[in-house]
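Engineer: With this note's numbering, letter number 492 in the sequence shown gets 473, and the count goes up by one each step, no holes.
A single structure is presented below for examination.
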Amino acid sequence: MNQCRLRSLVRVRRSLALGLRGTDHHILARQALRTIQTTAQGRGVHDLDSFANGCSAAYIEGLYNKWKRNPKSVDESWNELFSGDDRTTAKRRPLPASHFRKYRRPPVERTAIKARSGARTASGGASAAPAAPPSDWKNIDDHHVIQAIIRAYQSRGHLAADLDPLGIVGPKKHKSVDGTQRHAAREVLRQHYSYIFNDLNTMFKLPSSTMIGGDQEFLTLKEILDRLERIYCGHIGVEYMQITSLTKTNWIRDRFEKPGGLDLTKEEKKLILERLTRSTGFENFLAKKFSSEKRFGLEGCDIMIPCIKEVVDRATKQGVESILIGMAHRGRLNVLANICRKPISDILSQFHGLKATDSGSGDVKYHLGVFQERLNRQTNRMVRITVVANPSHLEHVNPVLLGKARAEMFQRGDTCGSKVMPIIIHGDASFSGQGVVYESMHLSDLPSYTTYGTIHIVSNNQVGFTTDPRFSRSSRYCTDVAKVVNAPILHVNADDPEACIQCARIVTDYRTRFRKDVVIDIVGYRRNGHNEADEPMFTQPLMYQRIRKLKPCLQLYAEKLIKEGVVTDGEFKAMVSNYEKICEDAWTKSKAVKSIKYSSWIDSPWPGFFEGRDRLKLCPTGVSTDTLKTIGEMFSTPPPSEHKFEAHKGILRILAQRTQMVQDKVADWSLGEAFAFGSLLKEGIHVRLSGQDVERGTFSHRHHVLYHQTEDKVVYNSLDHLYPDQAHYSVCNSSLSECAVLGFEHGYSMASPHALVIWEGQFGDFCNTAQCIIDTFIASGETKWVRQSGVVMLLPHSMEGMGPEHSSGRMERFLQMSDDDPDVYPDTCDADFVARQLMSVNWIVTNLSTPANLFHCLRRQVNMGFRKPLINFSPKSLLRHPLARSPFKDFNECSSFQRLIPDKGPAGKKPEGVKKLVFCSGKVYYDLFKERDDHQQVETVALVRVEQLCPFPYDLISQQLELYPKAELLWAQEEHKNNGGWFYVQPRFDTALLKNEKESRCISYRGRPPSSSPATGNKVQHYSEYKALIKSVFGELTPENKKRLEEQIKKQQAKAKADAQSKPSTKPPSTPPKGGSSPPPGKGGSSPPPAPTGPQPRKPLISMPSRPPRGGKQRSGSAPAPDLVDEASAARNTEPNSPAHDGASPSAWKRSGSAPAPSLAPRASASRSPSRAQTYRNPPSPAHDGAAPSTRQDSSEFIKRRPAKDFGSRSRTQKNPEESELDPTRPEH
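As structure tokens, then:
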């Protein structure tokens, strides 16, 4: 009985230690232990009978007597104990020490416990350990180890996969207890490595985290290890456990782990052999015919072509209609021949060195692109395949391809990537080494840039030119960069064609299922050097010794299939000979080709755009005043009151200013830009504006997207709601990348000519990091590949003391890359001279100074009969400059773009009295205009603005030279002499002067001296350089000038003081305007000027960029400056039809330190707000007369934006379960 009692008490304590709460057994044990008191025994043998005192013994004795009367009257556990059937007493073989769990402690009989007190001590003074409950713990531990082993294979099995065909890098096999050689070593299994040497015949129940059993729930250890070895340590290494989505990981396990999931039929194997024969045969034929020609063959990674064909077949079957391929030079000719089905004779003719019949420089054959639409024989469906042309800058085609794919999705209405699919083929060294890969992959989930999954195929040669991977990357794999977007990565041995094809199927299905990026890393080798004339033994002798001994993949696979009986030796030889005959016939046909056309290799044709179009016709760019009013009213109106949109108070002030400008029929820079966008949208032209901070504008001037101040993801974009049938307007802040985003927008512009695609730099200087895209794609794309693009680059540019990296857009670089000849005077008598000049140049470079010219310039981009990139150097301080404004008449039907703006003031009216003719461009004009007034030289100095620098306006320049025959010719610029436009315009001015035989003048430079830095960061030095510039043009101020200016300042100060004293103080409105357009008091924004007794005013809370502009500009929403100009000065300085229509003196503006704002409407007053809302809701005329605002339903006016990734925003909108996912193809604005 003592032994029975002891076992019962031990079992009770173990039950309580493991906390088997909520069970009958636990309740019984708790009742029993309440009566137990134990004491520790001294040294020597423990008295087991004393473990239980009389109370506990009596309790158990009662249970025992009850059990003897009826065994079912007690708990089953007591029944087992009293009957002697206690499984816990069975002897068990101990597990290794590494498998003990935390509950395994010293024996319980060494423990002393004080009942109820809760204080536990061991004989050694340490805390007592709980005992384990009765169970087969050895079996449980073994199952836990098996589960850990399975997870180790899933997570790290790729580390032991046999991926290298050369055997240089690979796992070392280890023998198990049954003699089986296994790849998985300590690197994979880690602490569980020793377990695989146990009894391999032990049966285990498979966990739910694996599917290797199929329909079987139990497998032996040997079978488990064998299956895991075949799946994860064979010729495929899968990296997918970094994916945080359980659905995706389970999907990948299902495809790889289910028995028979990777098997192929005989017909499929035969098709692989046939395609591999074509891939290898094409390279062998070129090697035979052009042994010394560079072609960057695919030998050693021939299986890539069958892989791509499998992706095309499977995607086409799943509904894809257009596939775009971006790749570097290696294997490009093979892709053109066997994937795109470009006639082989056309490809071979490129080797003959034939003359081109069309203009352009052309490019080497392995950089060319192609556009093919053909029938897919496997699926019997039509598919369009485009290979985008690419320079030698390897990975820089990636964002271009993604942008083109996104544009095609937009055109097809493809909102989920089901019809368009991009494929990018990488090299191993470039994939890990070039930063544009990282930048491009980070666009994959951004709503305005996603392509709903890109398939990345890495042609891994295990060498970069001559650099060993050990010295070209720090990561184990070249594909590790893809982990930043949780993309699954499939590494596969290139000498196992069947494994490669299975990987191609899986990545295609994954992209179709989840619309995410996925990567195949085809690990092969490069049988020749970097090119066919290179000697690789110089730098990789050991590698190429192995390569020389290695059989080609085609031969290895053919021998395998012949051995399996899939094909016979005769059938294989017939495949080879048939393709050789195809190549020989194409070779014969290529010899008959006498010339080539660059246009036959275009990758982005625009069907129907050029047919029947007069390319030399320049359509009008002006619009009606009614259209301007409609756009202006919508652009300056707060969101409708019924939506209760709470806008920032600073935004309401800006809208009030815009309303006043519309009423005054004058436009500043933001309004002129809105006129251009809105009028194009009305005409059905899709407008896309992209870049860093473009929704608001770097300098807080645009504000196309308004944000609700108390609701997350609620925005309003007025330009997207102008007309019920307008085109879509997309304005989207980009990631902090210039290279990838500019490349993306360039690719977007390639897809269709019926779109205005704009990229705006945060500052003009930041285009430095996108120089590769600018040089190799935008500047020379049409010349090399006959590929037109109308992409627009807006680069903020001006010298305003903001430092070297926030001043210059590097105008000189763009002008240097312009391809117009400075020594040839064009035929200006041609009626189509302007259009012909635009069509012959590689791009257009402008430095505009008026909102109206910006309006016409942007509209001209779309109205031309061809497309050219536009590089415009946008202003900064001119965005709010009182003189940089245009009346509505400069936008109407009778107006057009002004390549050159002549002097229309007193100097222009009396040119015979002009002593200096100063040509300039951009913002410096306003500085010169102000200083000319200060120096009282308005009649002797003429200021002429060259708005379009490239192509150079020879005809208009010649007219100005003839108009001022006696004037000294000057070119004034704010940039340093070796920057800006001087070196571009100087030879062209000379050419224009030499055209006139009677001309003896030459043009002189006025500006900052040469400098290696674009600008100074010292304010004192900046102002000193400015004064030197002004002095070189106008000379010193005379005493009379100085006295006059001092008197003007005194008068203005006195007037301002008198106005301030006479102005009655009024409190701001205590209630917001009706309709909820204004935020409640105290929430976001600044207050209007308060009464003297009220709180002090504060600046508007408009968040500025991380690099805030500095330089004396008036911030939006600040109080208007006093009128600093007397009437006489205003009359003297205001030119007819000039932007200085408001009478403000530029000199007075400069001295005051801030630009005077126009007269403002009452700030968000209750009386004005309803009228604006009513104007919005009640259009005055039908929708198509150019004056009607949108008649869309109210529910469509807003979009509740849900980003692709929500990083913990705590808004009420997140809790709305009915809110649907935003369609990323249509940006959330």
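Ideal placement from N, C-alpha and C gives every residue a C-beta, glycine not left out.
None of these values were measured; they are calculated from a predicted model.
Relative to the C-alpha of VAL301, which residue among ASP746, LEU950, TYR433, ILE233 is closest?
Structural biologist: For the residues ASP746, LEU950, TYR433, ILE233, the minimum Cα distance to VAL301 belongs to TYR433.
Engineer: Taking the CB atoms as reference points, tell me whether PHE847 and GLY384 lie closer together than 8 angstroms.
Structural biologist: Going by C-beta atoms, PHE847 is not nearer than 8 angstroms to GLY384.
Engineer: Of all the options LYS911, LYS53, PHE964, VAL150, which has the alpha carbon lying nearest to the alpha carbon of GLY505?
Structural biologist: The shortest Cα separation from GLY505 among LYS911, LYS53, PHE964, VAL150 belongs to VAL150.
Engineer: Nearest by alpha-carbon distance to HIS125: which of GLN162, ASN512, ASP143, PRO188 is it?
Structural biologist: It is PRO188.
Engineer: Less than 8 angstroms between the C-beta atoms of TYR729 and ALA370, yes or no?
Structural biologist: Cβ atoms of TYR729 and ALA370: not closer than 8 angstroms.
Engineer: Here's a check: name, in chain order, each residue in its chain whose Cβ is nearer than 6 angstroms to the Cβ of PRO152, leaving out the five neighbours to either side.
Structural biologist: If we look at PRO152 and ignore the five residues flanking it on each side, its Cβ neighbours are ALA141, HIS164.
Engineer: Under the rule that 16 or more other beta-carbon atoms within 10 Å means buried, what is ILE528, buried or exposed?
Structural biologist: Its Cβ being crowded by 16 or more others within 10 Å, ILE528 is buried.
Engineer: Which word fits GLY589, buried or exposed, when buried means at least 16 other C-beta atoms lie within 10 angstroms of its C-beta?
Structural biologist: The residue in question, GLY589, is exposed, as its Cβ has fewer than 16 Cβ neighbours within 10 Å.
Engineer: When you compare each of MET615, TYR688, PHE680, CYS720 to LYS630 by their alpha carbons, which one comes out closest?
Structural biologist: Measuring from the Cα of LYS630, the nearest candidate turns out to be TYR688.
Engineer: Would you give the residue range spanned by the beta strand (DSSP E) that TRP952 belongs to?
Structural biologist: Element bounds for TRP952: 949 to 957.
Engineer: Here's a check: name, in chain order, each residue in its chain whose Cβ is nearer than 6 angstroms to the Cβ of ILE1211, leaving out the five neighbours to either side.
Structural biologist: Nothing can be reported for residue 1211, as the shown portion of the chain is limited to -18 through 1210.
Engineer: According to DSSP, ALA648 sits in a beta bridge with which residue or residues?
Structural biologist: DSSP lists SER867 as partners of ALA648.
Engineer: Decide if THR367 is buried, meaning its Cβ has at least 16 other Cβ atoms within 10 Å, or exposed.
Structural biologist: The residue in question, THR367, is buried, as its Cβ has 16 or more Cβ neighbours within 10 Å.
Engineer: Using C-beta distances below 8 angstroms, list every residue in its chain close to GLY148, excluding the 5 sequence neighbours before and after it, in chain order.
Structural biologist: So the qualifying residues of the chain are ARG527.
Engineer: Where do the ends of the beta strand (DSSP E) carrying LEU356 lie?
Structural biologist: Segment 351 to 357, the beta strand (DSSP E) holding LEU356.
Engineer: Tell me which same chain residues have a C-beta within less than 6 angstroms of the C-beta of PRO52, skipping the five on either side of it?
Structural biologist: For PRO52, where only same-chain residues beyond five positions count, the Cβ hits under 6 angstroms are ASN60.
Engineer: Can you tell me where the beta strand (DSSP E) holding ASN231 begins and where it ends?
Structural biologist: Counting along the chain, ASN231 falls outside any beta strand (DSSP E), though it belongs to the alpha helix (DSSP H) covering 227 to 238.
Engineer: Would you list the residues sitting across from GLY307 in a DSSP beta bridge?
Structural biologist: GLY307 is bridged to ILE405.
Engineer: Can you list, in chain order, the residues of its chain whose CB lies under 6 angstroms from that of PRO904, leaving out five sequence neighbours each side?
Structural biologist: The sequence given here places Lys at residue 904; Pro does not occur at that position. Cβ neighbours of LYS904 beyond the five flanking positions: SER779, PRO856, LEU859.
Engineer: On the DSSP bridge list, what partners appear for SER711?
Structural biologist: Answer by DSSP bridge pairing, in chain order: ARG669.
Engineer: How many angstroms separate the CA atom of GLU1266 from the CA atom of LYS251?
Structural biologist: Since the displayed the chain opens at -18 and closes at 1210, residue 1266 lies outside it and no answer follows.
Engineer: Determine the closest residue to HIS377 out of ASP344, ASN357, ASN853, HIS310, with distance taken between C-alpha atoms.
Structural biologist: Comparing Cα positions, the closest option is HIS310.
Engineer: Let me confirm a value: PRO991 is counted as buried when at least 16 other C-beta atoms fall within 10 Å, else exposed. Which label applies?
Structural biologist: Under this definition PRO991 is an exposed residue.
Engineer: On a CA-only basis, which of LEU662, ASP804, TRP766, THR447 is nearest ALA736? Give me that one, please.
Structural biologist: If we check each option's Cα against that of ALA736, LEU662 comes out closest.
Engineer: Name the DSSP bridge partner or partners of MET184?
Structural biologist: In DSSP, MET184 forms a bridge with THR201.
Engineer: Quick one: what does DSSP say TRP582 is sitting in, helix, strand or coil?
Structural biologist: Helix.
Engineer: Beta strand (DSSP E) containing HIS778: first to last residue?
Structural biologist: Per DSSP, HIS778 belongs to no beta strand (DSSP E) and is neither H nor E.
Engineer: How would you write the range of the beta strand (DSSP E) that LEU471 sits in, first residue to last?
Structural biologist: LEU471 -> beta strand (DSSP E) spans 470 to 474.
Engineer: Does the beta-carbon of PRO621 have 16 or more other beta-carbons within 10 angstroms, so that it is buried, or is it exposed?
Structural biologist: PRO621 should be labelled buried.
Engineer: With 16 as the cutoff for other CB atoms within 10 Å, does GLN842 come out buried or exposed?
Structural biologist: GLN842 comes out buried.
Engineer: Decide if ARG171 is buried, meaning its Cβ has at least 16 other Cβ atoms within 10 Å, or exposed.
Structural biologist: Under this definition ARG171 is an exposed residue.
Engineer: For MET402 versus VAL465, is the C-beta distance shorter than 8 angstroms?
Structural biologist: Result no, Cβ atoms of MET402 and VAL465 do not sit closer than 8 angstroms.
Engineer: With 8 angstroms set as the bound, which would you pick, yes or no: does the beta-carbon of PRO588 sit closer than that to a beta-carbon of chain C?
Structural biologist: No chain C appears in the structure shown, which is made up of a single protein chain.
Engineer: Thinking just about the alpha-carbon of each residue, which of ILE503, MET783, LEU723, PRO807 is nearest to the one in ILE406?
Structural biologist: The candidate whose alpha carbon is nearest that of ILE406 is ILE503.
Engineer: In whole angstroms, what is the alpha-carbon distance linking PRO887 and THR831?
Structural biologist: Taking the straight line from one Cα to the other gives about 20 angstroms.
Engineer: I need the straight-line Cα distance from LYS1012 to ARG989, nearest angstrom please.
Structural biologist: Cα to Cα, the separation comes out at about 11 angstroms.
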